[in-house]
Structure formats: structure tokens, C-alpha cells
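First comes the structure, then the notes that go with it.
Residue numbers (the working numbering): 20 to 209.
Right, dumping it as C-alpha cells:
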């Protein structure tokens, strides 16, 4: 019987860790009804002129695209789900499969008690023209209002979450494009 080498042992352990990391689907973009769950919200709500849109592609992805403008004190474009329960729980980690243009987007999580312009957020970096999977633990989400951190707010309460969205607000005017293949969750170990 041959001895197991250290590299082989490490490979087997890594494969086991990846296998144990079960991903539960949260959002995908298959089927015509998927488009009805989304809406665009841009800086026009406060006088800006950014143009952010979305569409479902033939490859069953959500494409978020448009032009970011800083004119008229603008500077953001976003898409978000209509209010819907996501079924996440404390300790979960969101995983977003995304392909972009190299810009840093934002993942927003909305709650039932959300006030105007309030969300919990995390950075969503993209690599130009490459699919990547970005892991975002719920515990890492930052409470924000109007793009600024809100002090004194506790962590997101998963049972209050009723929406998710993507935003670009990097202060770099110009065209943008990002695709999302899916959003899944790594469930917290009980």
C-alpha cells in the first residue's frame, strides 16, 4: 500500500471542504417572471441624471447596465427586488456570481422597517469580463442611509429582510455593465 503524500492529502481535504459548502439558491434569473421581481431606482429621485437599467439575458442572467452621471448632485444607479422575503437566517453567507467591468458595485439588503434610502450594504467587486463568486457574510453588512454609515444601528436582522439590490455609486461617471448569474446562500451551521 502506498503512503498518501502531503499534497494529495491536502487536495482531498480541500475537496471535502468545497463539497461541504452547500449552496442554497436564493435568486436566479430563469423564466419570464424573474423580471417582474426587479425595479430600477436611480439618482433621478433626487435630481440626478444617471441612467441605470436591467434586463434578463438569453443566458439567464440579470444584466445591470447604463450610464453613471455626477451631474445635478447625482451619482448612483441601482436595481432592487420588489419587497419579498428571502428566507435567510442569522450566520448565513450570501454568495453572488457576478461578471462586470472591473468597477466596485454594492450589494444592498433592505428590511421591512427600512426608511427612505436605508440599507445594509457590502462591497461587490468585479473583475472585467470574468465570472467571480463573491462571498458576503450577513455579519459583514454595514447599515447605511444615503450612502453613509449609520452609527448605533445593530446588525441586520435576517427575519426583517425583504429585499436585495445592486448599486453603482463609485463617483466614476460613464458607462457600466454588470451581470449576475445567481445569488445563493451558505447556510449557517446549526
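We treat Cβ as the ideally placed atom computed from N, Cα and C, and that holds for glycine.
All figures in this text were calculated on a predicted structure; none of them were measured in a lab.
Sub-8 Å separation of residue i and residue j beta-carbons
| i | j | result |
| --- | --- | --- |
| residue 67 | residue 190 | no |
| residue 197 | residue 97 | no |
| residue 175 | residue 81 | no |
| residue 180 | residue 154 | no |
| residue 76 | residue 117 | no |
| residue 195 | residue 84 | yes |
| residue 120 | residue 157 | no |
| residue 202 | residue 89 | no |
| residue 48 | residue 59 | no |
| residue 127 | residue 99 | yes |
| residue 43 | residue 193 | no |
| residue 177 | residue 109 | yes |
First and last residue of the uninterrupted beta strand (DSSP E) at residue i
| i | result |
| --- | --- |
| residue 58 | 57–61 |
| residue 206 | Looking at the DSSP string, residue 206 is not in any beta strand (DSSP E), and its letter there is neither H nor E. |
| residue 44 | 42–47 |
| residue 151 | 150–156 |
| residue 163 | 161–164 |
From the options, residue whose alpha carbon lies closest to that of residue i
| i | options | result |
| --- | --- | --- |
| residue 130 | 139, 122 and 124 | 139 |
| residue 182 | 51, 56, 206 and 41 | 56 |
| residue 71 | 188, 206, 204 and 205 | 188 |
Other residues of its chain near residue i: CB distance less than 6 Å, five sequence neighbours each side excluded
| i | result |
| --- | --- |
| residue 208 | none |
| residue 146 | none |
Cutoff 8 Å; reference residue i; Cβ partners in own chain excluding five residues on either side
| i | result |
| --- | --- |
| residue 63 | 69 and 93 |
Cut-off 7 Å between Cβ atoms - residues of its own chain near residue i, not counting five sequence neighbours on either side
| i | result |
| --- | --- |
| residue 223 | Residue 223 lies beyond the range of the chain shown here (20 to 209); nothing can be said about it. |
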